[in-house]
Each structure stands twice: as structure tokens, then as C-alpha cells.
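Student:
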Amino acid sequence: MVETIFTGSRRYLYWILFLLAVITAGFLCYLKQFKEGLIITGMNRDVSWGFYIAQFTYLVGIAASAVMVVLPCYLHDYKAFARITVLGEFLAIAAVFMCLLFIFVDVGKPVRILNVLFYPTPHSILFWDMIVLNGYLLLNIIIGWCALSAERKGIPYPKWVKVLIYISIPWAFSIHTVTAFIYAGLPGRPYWLTAIMAARFLSSAFCSGPALLIILCLLVRKLTRFDPGKEQIRTLGGIVAYAMILNVFFFLLELFTAFYSQIPDHMRPVIFLFKGLEGHGRLVPWMWTSAIFAFIALLLLIIPHTRRNEETLLIACASVIIATWIDKGLGLVIGGFTPNPFGRITDYWPTKPEVMISIGVYALGFLVLTLLYKMAISVKEEIGA
Amino acid sequence: MITRRKFLKILGTSAIFGIGGKITLELIAPGQLEAQPLSKDKKTQWAIAIDMKKVDDDLLEKCIEACHRYHNVPNIPGPKGLKWIWKEDFEHAFPEQENIYVNEEIEKMHFPLLCNHCDNPPCCRVCPTRATFKREDGIVMMDWHRCIGCRFCMAACPYGSRSFNWGDPRRVMEDPELKRLNPDFPTNRRFPTRTKGVVEKCILCYERIDKGEVPICVETANKIKEGSFIFGNILNPESEIRKILRKRFALRRKPELGTGPNVFYLI
Numbered sequence: 001m002v003e004t005i006f007t008g009s010r011r012y013l014y015w016i017l018f019l020l021a022v023i024t025a026g027f028l029c030y031l032k033q034f035k036e037g038l039i040i041t042g043m044n045r046d047v048s049w050g051f052y053i054a055q056f057t058y059l060v061g062i063a064a065s066a067v068m069v070v071l072p073c074y075l076h077d078y079k080a081f082a083r084i085t086v087l088g089e090f091l092a093i094a095a096v097f098m099c100l101l102f103i104f105v106d107v108g109k110p111v112r113i114l115n116v117l118f119y120p121t122p123h124s125i126l127f128w129d130m131i132v133l134n135g136y137l138l139l140n141i142i143i144g145w146c147a148l149s150a151e152r153k154g155i156p157y158p159k160w161v162k163v164l165i166y167i168s169i170p171w172a173f174s175i176h177t178v179t180a181f182i183y184a185g186l187p188g189r190p191y192w193l194t195a196i197m198a199a200r201f202l203s204s205a206f207c208s209g210p211a212l213l214i215i216l217c218l219l220v221r222k223l224t225r226f227d228p229g230k231e232q233i234r235t236l237g238g239i240v241a242y243a244m245i246l247n248v249f250f251f252l253l254e255l256f257t258a259f260y261s262q263i264p265d266h267m268r269p270v271i272f273l274f275k276g277l278e279g280h281g282r283l284v285p286w287m288w289t290s291a292i293f294a295f296i297a298l299l300l301l302i303i304p305h306t307r308r309n310e311e312t313l314l315i316a317c318a319s320v321i322i323a324t325w326i327d328k329g330l331g332l333v334i335g336g337f338t339p340n341p342f343g344r345i346t347d348y349w350p351t352k353p354e355v356m357i358s359i360g361v362y363a364l365g366f367l368v369l370t371l372l373y374k375m376a377i378s379v380k381e382e383i384g385a
Numbered sequence: 001m002i003t004r005r006k007f008l009k010i011l012g013t014s015a016i017f018g019i020g021g022k023i024t025l026e027l028i029a030p031g032q033l034e035a036q037p038l039s040k041d042k043k044t045q046w047a048i049a050i051d052m053k054k055v056d057d058d059l060l061e062k063c064i065e066a067c068h069r070y071h072n073v074p075n076i077p078g079p080k081g082l083k084w085i086w087k088e089d090f091e092h093a094f095p096e097q098e099n100i101y102v103n104e105e106i107e108k109m110h111f112p113l114l115c116n117h118c119d120n121p122p123c124c125r126v127c128p129t130r131a132t133f134k135r136e137d138g139i140v141m142m143d144w145h146r147c148i149g150c151r152f153c154m155a156a157c158p159y160g161s162r163s164f165n166w167g168d169p170r171r172v173m174e175d176p177e178l179k180r181l182n183p184d185f186p187t188n189r190r191f192p193t194r195t196k197g198v199v200e201k202c203i204l205c206y207e208r209i210d211k212g213e214v215p216i217c218v219e220t221a222n223k224i225k226e227g228s229f230i231f232g233n234i235l236n237p238e239s240e241i242r243k244i245l246r247k248r249f250a251l252r253r254k255p256e257l258g259t260g261p262n263v264f265y266l267i
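In the order they appear, the protein sequences are chains A and B.
Note that the working numbering has the first sequence beginning at 1, numbered continuously upward.
Note that the working numbering has the second sequence beginning at 1, numbered continuously upward.
#1: Using CA atoms only, rank isn't needed, just tell me which of Ile62(A), Asp77(A), Tyr30(A) and His76(A) is closest to aspartate 106(A).
#2: Under 9 angstroms, Cβ to Cβ, is there at least one residue of chain B near serine 261(A)?
#3: Count Cβ pairs between the stretch 158-175 of chain B and the stretch 117-124 of chain A that sit closer than 8 angstroms; are there 3 or more?
#4: Per DSSP, which one or two residues make a beta bridge with tyrosine 265(B)?
#5: Check whether the Cβ of leucine 181(B) lies closer than 9 angstroms to any Cβ atom in chain A.
#6: Tell me which residues of the stretch 135-157 of chain B have at least one Cβ-Cβ distance to chain A shorter than 8 angstroms, keeping chain order.
#7: Let me confirm a value: glutamate 34(B) is counted as buried when at least 16 other C-beta atoms fall within 10 Å, else exposed. Which label applies?
#8: Any beta carbon from chain A within less than 9 angstroms of lysine 53(B)'s own beta carbon?
#9: Smallest Cα separation from threonine 195(B): which of Gln232(A), Pro110(A) and Phe256(A)?
#10: Please report the residue range of the alpha helix (DSSP H) in which aspartate 58(B) lies.
#11: Could you pull the start and end residues of the alpha helix (DSSP H) that aspartate 129(A) belongs to?
#12: From the DSSP output, which residues share a beta bridge with tryptophan 86(B)?
#13: Which of the three DSSP states is assigned to methionine 43(A) in this structure?
#14: Taking the CB atoms as reference points, tell me whether phenylalanine 117(B) and leucine 204(B) lie closer together than 9 angstroms.
#15: Just to confirm, is the Cβ distance from glycine 343(A) to glutamate 91(B) under 9 angstroms?
#16: If you follow the alpha helix (DSSP H) that asparagine 115(A) is part of, which residue opens it and which one closes it?
#17: Check the Cβ of tryptophan 171(A) against every Cβ in chain B and list those closer than 7 angstroms, keeping chain order.
#18: Consider the Cβ of lysine 196(B): report whether some Cβ of chain A lies at a distance smaller than 9 angstroms.
#19: With 16 as the cutoff for other CB atoms within 10 Å, does lysine 222(A) come out buried or exposed?
#20: Under 8 angstroms by Cβ, that's how I've got methionine 109(B) and leucine 266(B) pegged, so tell me the actual separation to the nearest angstrom.
#21: Could you name the residues of chain D that phenylalanine 342(A) contacts, counting a contact when the two beta carbons are closer than 8 angstroms?
#22: Work out the CA separation of cysteine 157(B) and proline 341(A) for me, nearest whole Å.
#23: Out of Ser261(A), Gln262(A), Leu213(A) and Met287(A), which has the shortest C-alpha to C-alpha gap to phenylalanine 272(A)?
#24: If the criterion is Cβ atoms closer than 9 angstroms, does the pair threonine 41(A) and glutamate 354(A) meet it?
#25: Between the stretch 114-134 of chain A and chain B, which residues of the former have a C-beta closer than 7 angstroms to a C-beta of the latter?
#26: Under 9 angstroms between the Cβ atoms of phenylalanine 56(A) and cysteine 99(A)?
#27: Under three-state DSSP, which class holds valine 111(A)?
#28: What separation, rounded to the nearest whole angstrom, lies between the Cα atoms of lysine 62(B) and valine 214(B)?
#29: At a CB distance below 7 angstroms, what residues from the stretch 166-192 of chain B approach chain A? Give them in sequence order.
#30: Name the two residues that bound the continuous alpha helix (DSSP H) containing glycine 61(A).
#31: For tyrosine 242(A), count neighbouring Cβ atoms within 10 angstroms of its own Cβ and tell me buried if that reaches 16, exposed if not.
#32: Which of helix, strand or coil does DSSP assign to histidine 145(B)?
#33: Please name the residue, chosen from Val67(A), Asp77(A) and Ser208(A), that lies closest to asparagine 140(A) on a Cα-to-Cα basis.
#34: Can you give the Cα-Cα distance for glycine 50(A) and methionine 142(B), rounded to whole angstroms?
#35: Return the first residue and the last residue of the beta strand (DSSP E) that glycine 232(B) is part of.
#36: Using only alpha-carbon positions, find the residue among Gly88(A), Glu381(A) and His76(A) that is nearest to phenylalanine 206(A).
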């Protein structure tokens, strides 16, 4: 199947070349970081995690794309999704791959990263996150590959693959739960210290992952001879709608607890994010943008007519992605560190090389995604699906 | 005969059990697999009580300088700097007090802040490589050769006690601006400088304690004002620190978080 990625249209070739150019630029910035240290980023002693860890957290959510097609397909016997499971799984592979890269570029001593394996530490949540993320990556590679090659040969995939598929469903829930536990178990970080964190991660994952999958499905239909299907996209739209409602609902629960209790430690990060605190308000326009897009998304997803219309569904999905990206890819991490343990505020904003390295990681992820989708769609076109 | 397939099977399973075995051991007997800490004494938890009636800004400055010079902590201004011990006013040292109507004397005070060498340190709990760990005498230690620089410990510490080497600390020997602030870096050639990409913090002068000496901040403070820093074993009821804690009222930073901080501020 691999041979299919080496042939393609001129547009495919240009896209690959474009991604390679971006990856090269990001890699050059990473070399600078490797040489000089994380000093080239905007991170500091008070906001000691920044854009990288935030992107990692967001992309763990995107990886949920797989389970939201696999679960209805295998647990509810919803056969229509069998047509697109491989697209969900391949998106998950690219997302988890980016997650691991974002952790890699964030550590201060990348050459020592294997110490996590040499000194396994079960009381550290990062240890478990490494296990669930790598496990999920491996599961999706094996399942996606076996299912696709069986489909190409026109035979059912081996029975042991089905076992792996059933394992992959709870496993997908574990990656969001464990990633939430990184934040939710820390004393002295009131914005993160909330029992609902894992539930919030799951709900935002189950809307942002399938939302991106819908956009990709529409793109695949436009660019190739394979149509992921109208019904499939409609069902995914329903999933995005429910998950986004839950996501916003859970966030409102956080606001209630913080503001009805009036506990300053719990209110201050939220005030910092949405109103600014002591003259520090760089995130305020971003957070309100997120809120507005969340509102647009909800409106378009709840009204049946706009949810079923693919054009308005596309706008809804883009809005979901923008809203959840700002919430998790900016607000969650920076808000958690602000104010610092002394009640002071230190500003953080990613620097140019930091953003460039992040874009490079995204480009590498999209390269993996493109190649995997090229392979999947070539097979689909070949068998005339 | 062992076929290639069989050989790979054995190799694979033994690899799985090799890693799994280590994890199992860790769960049954945490920390037993690693090298034992230097001190065998399980009845020790070093602690410091600071008599706020005896310390002033000048004394604190001297303590800070002594510590940072002893441990080669470079002076790098701004939010990317490093500090093992520093001073802070009441409002920010004890933000949870939310006290608007503060005693004037206390309001003007500066409190020396450092690692609390907690009984139940969150930093050690979260570290994925056990590069930061609790010694049997209670010191929360750092292994700068194992730390991968993930900074999970910095997120976990509710006291802001941890610093990260965002760049190479030795750049202060070359950078003209920083060289002016650190003319004779490294100030202690018997103590290592760190490298870029690792976390560091107060290690309660373990190397001095192992020689029977007291931490450098305690020694410096007491030279200036006898009895300003009281250092001792908090688990020994007869120790000087326990005696003074029985007599005087002391504050600890954020004890409500269950970390069990071991730095006491005598008010």
C-alpha cells in the first residue's frame, strides 16, 4: 500500500513540498532551541509551561476522532461508519504523533527523554501518559493498517484485530483522562484543581476531533473520487453537537463554582482570562473570541436545519475548532499559571521561534496525515468504494 | 533448535517482563530498587524555624548572597532568573491569609522563602524520572544528571520554589551584561554549576549536613544575629527547634494543601 504515496497529482506534490518547506523552517528554529535552550521561548519561572504543552493538550483531544467513529461502528453496530473508520484512525495517528513531538520539543534535556523508560515511575502521571499515548498510537497504526489492507484485498480482517479494536475504545477515553490528571492533581493551581477536568477534556475532545474529521471528509470528497458519505457526515455532526453542548455546559459549571463560592483563588484565573487582572489582559480578546465562536457553533449545531446543511455544518465545525483551540491551546495552560503562587502576575506570550517550532510540528503532523490519507483514499478509489 | 521466530518471541516476552518487573517492584516497594539514600536514619526530618523578630532586610540579603554564592546560583534578572532563597512581603508570602487589616510591623516585614522540604512533596510525586526525591532525612533532593527538564515539578510546587535553567547558566561568564552582575562566577569551585534544561532548587545544603555542618543560610544568619535561624530535627522532641515551636506561635506557608512544609516563621 505504501507505494501509493509516491504517485499523485501535481497539487499533491506541491502540498507535500510546501509542508516540507515549513517543516524545514521549524526544524531550523528547533536547532536554535536545542543549542541555546528554552530561553528562546516566552516561558518563565511563573508560566513554566506554555504554547508547546498547550498544543499537546489540544491535540490529545483531536485524537478522539478515532473512537467517535469506532465506538458507534463496533459497539452500536452502526455500519455506515465502517466506511470512514480508517479516516478517523489515521487522523488519530497524526494527532498523537504531534502530541509526542510537542512533549519532545518542550523538555529541557531531550537527549535524556529515555530516562522516563529507564526509571519507570508509576506515581508520576507523565509516566502513565507516555504509556497511554504510545499505546494508542500503536493500536491505531495496527488497526488502521490491517483494516485497510484487508479492505484492499477484499477479505475480512483477522479476528485478533477486532480484539484490538475493542481495546482501543476504552483506551481512547484513557488518553484524555490521564492527560487531564496531569493538571487536575496539582495543589496550589486552583484553575486546574477541579474534579470535572477529565470530563471537560473528554467533552472537548469528542467535539473537536470529530469536527476536524468532518472538515477532512468534506475536503476528501472535494479533492478525490472517494465520497465519505452524506449520512456519515450527518451522524458525525450530531456527535459534535452533543459533545459541544456538554463542553460548554461543563465550563459553565466551573464558572458557577468559582463565582457563587466567591473564593478568590478560584475566581482570579477566570477574571484574568476574560476581564484582565491588574492591568494584564493579553488573553482577554482571545477568550471572548473563543466564547463567540462557541456560541456560533452551538447555534448552528442545535438548529437541525443548519446542522444538516453541509455548508453551515462546515462553519459550525470550524467554529468548534477555533473555540476549543483557544480554550485549551491558550487559556487552559496560561490561566492555570496565573496568578502565580504568590498572587502575582507574570506575562507570557509565545515568541516567534516558539510559534515557528509549533507550526513545524503541525506541518510534520499534517505531512503524516496527508500520506496516510493518500494511502487510504488510493485504496478506496482502487476498490471503487 | 531455536528458530529465528522462536528466538524473537523469547526476546520480546523477556523485554516485556523486564520492564513490567521493574514497575511491579516499584509498586510493591517504592524506591527500594534505586540506590539507598545516604542517611539511614528514619527518625530525621530537617527543618528550619526563622525568628521574624530577629531578622531584618540586611540579614536576609546576606543569607541570600551566601546561599547563591555557595551553590553557584547566577544572578539573572527578570522572570527567567534562578533563585534558591529570596525575600517576599507578608501579602505575597502568605497570599491565602487575604488579610486587609495587617499588623503594621508584619506588613513591613520581609520573609525569606525557600524550598519547604515538605513531608509530602508534590514535586517528588509528579517527577517522571525520580530526579527529584525525598531523602530519608527529609531533604527534597535534585539529581541534575537525571532531570529531563519536563518542569512538571514546577507546576506541582505550590511555593514557587523551583527554578529552571532556561539557558546555559555559564553564559553569565561570557554575556557582557550578565558578566557585570556575576563578575566571579562560578563562586564556589567545589560545587557544580548546572547545565541548561534542568530544574534546580534549595537542597538544604545536604553536602554540609552530611559533614555535620548546618545549612549555609542558617550559619550566615546566626553569625549576624544568634538564634535568628533555628535548624534541627523536627522529629526529635528534645531538639532546639521543637523547644522553640512549643513556646512561640509559628506560621507555615499554605499548610492547608497537605504538603507538610518544614520551614516555620516565628511571629
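The C-beta atom is built at its ideal place from N, Cα and C for all residues, glycine as well.
Tutor: Let's see:
#1: Here the closest residue by C-alpha is Tyr30(A).
#2: Interface flag for serine 261(A) against chain B is unset, since no Cβ pair is found closer than 9 angstroms.
#3: Contact between the stretch 158-175 of chain B and the stretch 117-124 of chain A is absent, because fewer than three Cβ pairs lie under 8 angstroms.
#4: Paired residues: Ile50(B) and Leu251(B).
#5: No, leucine 181(B) does not count as interfacial toward chain A.
#6: In summary, the residues of the stretch 135-157 of chain B whose CB is separated from some CB of chain A by less than 8 angstroms are Arg146, Cys147, Ile148, Gly149, Cys150, Arg151, Phe152, Met154, Ala155, Ala156 and Cys157, in the order they occur in the chain.
#7: Its pLDDT being 48, under 50, glutamate 34(B) is placed unreliably in this model, and the coordinates cannot settle the point.
#8: False, the Cβ-Cβ gap to chain A never drops below 9 angstroms.
#9: Each of Gln232(A), Pro110(A) and Phe256(A) was checked against the Cα of threonine 195(B), and the nearest Cα belongs to Pro110(A).
#10: 57-70 is the extent of the alpha helix (DSSP H) around aspartate 58(B).
#11: Run containing aspartate 129(A): 125-153, per the alpha helix (DSSP H) assignment.
#12: Answer is Leu113(B).
#13: For methionine 43(A), the secondary structure class from DSSP, reduced to helix, strand or coil, is coil.
#14: Checking the sequence, you will find histidine at residue 117(B) rather than phenylalanine. Yes, the Cβ-Cβ distance between histidine 117(B) and leucine 204(B) is below 9 angstroms.
#15: Going by C-beta atoms, glycine 343(A) is nearer than 9 angstroms to glutamate 91(B).
#16: Annotation: the continuous alpha helix (DSSP H) that includes asparagine 115(A) extends over 115-118.
#17: In chain order: nothing, as chain B lies at least about 18 angstroms away.
#18: So yes, lysine 196(B) belongs to the interface.
#19: Lysine 222(A) counts as exposed, since fewer than 16 other beta carbons sit within 10 angstroms of its beta carbon.
#20: Contact between methionine 109(B) and leucine 266(B) fails: their C-beta atoms lie close to 12 angstroms from each other, not under 8 angstroms.
#21: The structure shown contains no chain D; its protein chains are A and B.
#22: Answer to the nearest angstrom: the Cα atoms are 9 angstroms apart.
#23: From the listed residues Ser261(A), Gln262(A), Leu213(A) and Met287(A), the smallest Cα separation to phenylalanine 272(A) is found for Met287(A).
#24: Yes, they are a contact pair.
#25: Closer than 7 angstroms at the C-beta level to chain B, one finds these residues of the stretch 114-134 of chain A: Asn115, Val116, Tyr119, Pro120, Thr121, Pro122, His123, Ser124, Ile125, Leu126 and Phe127.
#26: Against a cut-off of 9 angstroms, the Cβ pair of cysteine 99(A) and phenylalanine 56(A) comes out as a contact.
#27: Reduced to three states, the DSSP call for valine 111(A) is helix.
#28: Their Cα atoms are separated by approximately 16 angstroms.
#29: Taken in chain order, the members of the stretch 166-192 of chain B whose beta-carbon sits within less than 7 angstroms of a beta-carbon on chain A are Trp166, Gly167 and Asp168.
#30: Counting along the chain, the alpha helix (DSSP H) containing glycine 61(A) begins and ends at 51-62.
#31: So tyrosine 242(A) ends up on the exposed side.
#32: The answer is coil: DSSP assigns histidine 145(B) none of H, G, I, E or B.
#33: Nearest option by C-alpha distance: Val67(A).
#34: It is roughly 23 angstroms from the alpha-carbon of glycine 50(A) to the alpha-carbon of methionine 142(B).
#35: Per DSSP, glycine 232(B) belongs to the beta strand (DSSP E) from 229-233.
#36: Among Gly88(A), Glu381(A) and His76(A), the Cα nearest to that of phenylalanine 206(A) belongs to Gly88(A).
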